[in-house]
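Notes follow the structure.
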Amino acid sequence: MPPEIISTFSTSSKSYLPFYSSNITPKQQRVQEQSAIYKGKNVRNIGLSVDHYRLNQFGSRLSSYDMIKSKLVKMCERLTRSPRRYYHVPSELVDTYIERVELSQELEAKLQVSHETSEVLDAVLLQGLGDTVKSQLALRYAEEHRDRFSPILWLDAKDEESMRHSFRRCALELQVELPKDHSPVFEYPAVLAVNFWLHDRIESDEEWLVIVDNANDVSWGVRKIIPKGKRGSLIITSQDNRSV
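The sequence shown begins at 1 in UniProt numbering and counts up one residue at a time.
Structure (structure tokens):
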């Protein structure tokens with residue numbers, strides 16, 4: 001959404017300029033309205049019946065005061081309102097999960113290292129453990145860092161169909177509009193939309209985290225649709241080191 005711009009300008013014909021010229025009348029000394037206002041979308045130009053000298057000193061005695069005050073209050077409310085946080089993780093920690101302290105600490109350390117030249121800030125491959133252990137380790141990290149990342153998304157990479165469903169759920173979570181489509185997963189609108197949304201994040205946006213779970217079979221091309229972006233981090237659970 002483009003920012004709202006409030007522009008104020010003087011409508012007074014009085015002049016308090018610190019110079020005098022017999023060739024310039026007070027009316028000519030005042031800046032013309034077309035030179036003082038902005039044109040464009042979301043611009044509100046408000047004329048004030050004060051001269052330039054008093055333009056920053058107007059108070060509640062002026063009819064335009066309340067109008068500008070209400071605009072500023074609304075802007076401040078929007079700035080202080082907490083942004084919506086996206087957390088789309090379908091699983092929960094199992095009761096029998098045993099905390100792997102050393103592995104959790106190592107995962108934490110790896111995801112603190114930024115790689116400015118790579119396609120994502122950082123990526124970690126969890127390999128060599130049981131599928132449940134890897135998934136639960138990734139899930140624990142996601143739960144403990146809900147305040148750091150937004151969005152946090154979970155992709156089930158078991159096969160093409162599971163990835164298709166995962167991307168569609170993520171698109172709905174991100175409120176991305178999608179047409180009905182039955183294209184191959186590489187051209188599926190939800191895949192393209194979510195990946196574009198993540199890739200398009202800029203430095204002022206929050207960092208995002210995507211967990212790609214069960215990427216054990218890479219033969220169908222899962223690597224082609226794993227999200228990328230300079231604001232993102234990846235956790236991939238797999239038995240195949242070719243998944244990254």
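Built from N, CA and C at the ideal position, the CB exists for glycine as well.
On a predicted model such as this, the values are computed, not experimentally measured, just so you know.
Straight-line Cα distance separating residue j from residue i
i	j	result
residue 87	residue 71	32 Å
residue 118	residue 228	9 Å
residue 27	residue 75	Summary for residue 27: the model assigns pLDDT 48, below 50, so the residue's position carries little reliability; its value from the coordinates is reported in the next sentence. Cα to Cα, the separation comes out at about 35 Å.
residue 133	residue 181	35 Å
residue 103	residue 124	12 Å
residue 166	residue 179	16 Å
residue 90	residue 154	7 Å
residue 170	residue 130	26 Å
residue 177	residue 105	38 Å
residue 127	residue 202	31 Å
residue 254	residue 107	Given that the chain is displayed from residue 1 to residue 244, the structure contains no residue 254 and the question cannot be resolved.
residue 8	residue 69	12 Å
residue 161	residue 168	11 Å
residue 219	residue 200	28 Å
residue 192	residue 172	13 Å
residue 144	residue 73	35 Å
6 Å CB neighbourhood of residue i in its chain, flanking five on each side removed
i	result
residue 233	111, 121, 122 and 209
residue 230	none
residue 188	164
Exposed unless 16 or more other CB atoms sit within 10 angstroms - verdict on residue i
i	result
residue 136	buried
residue 67	exposed
residue 151	buried
residue 207	buried
residue 149	buried
residue 225	buried
residue 109	exposed
residue 213	buried
Cβ-Cβ separation, residue j to residue i (assumed contact under 8 Å), whole Å
i	j	result
residue 217	residue 159	7 Å
residue 211	residue 142	6 Å
residue 157	residue 101	Their Cβ separation, rounded to whole angstroms, is 27 Å, which puts residue 157 and residue 101 out of contact at 8 Å.
residue 215	residue 238	4 Å
Sequence-distant residues of its chain with Cβ nearer than 7 Å to residue i (five each side left out)
i	result
residue 174	86, 151, 194 and 197
Other residues of its chain near residue i: CB distance less than 8 Å, five sequence neighbours each side excluded
i	result
residue 99	140
residue 146	85, 87 and 152
residue 205	231
residue 186	221, 224 and 225
residue 190	164, 167, 168, 170, 171, 176 and 178
The ligand PLP heavy atom lying under 7 Å from the CB of residue i
i	result
residue 122	The model depicted lacks the ligand PLP and carries no ligand whatsoever.
Quick one: which unbroken beta strand (DSSP E) runs of 3-plus residues sit fully inside the segment 111 to 162? Chain order, please.
120 to 126 and 152 to 156
Whole alpha helix (DSSP H) elements within the segment 182 to 216, 4-residue minimum:
189 to 199
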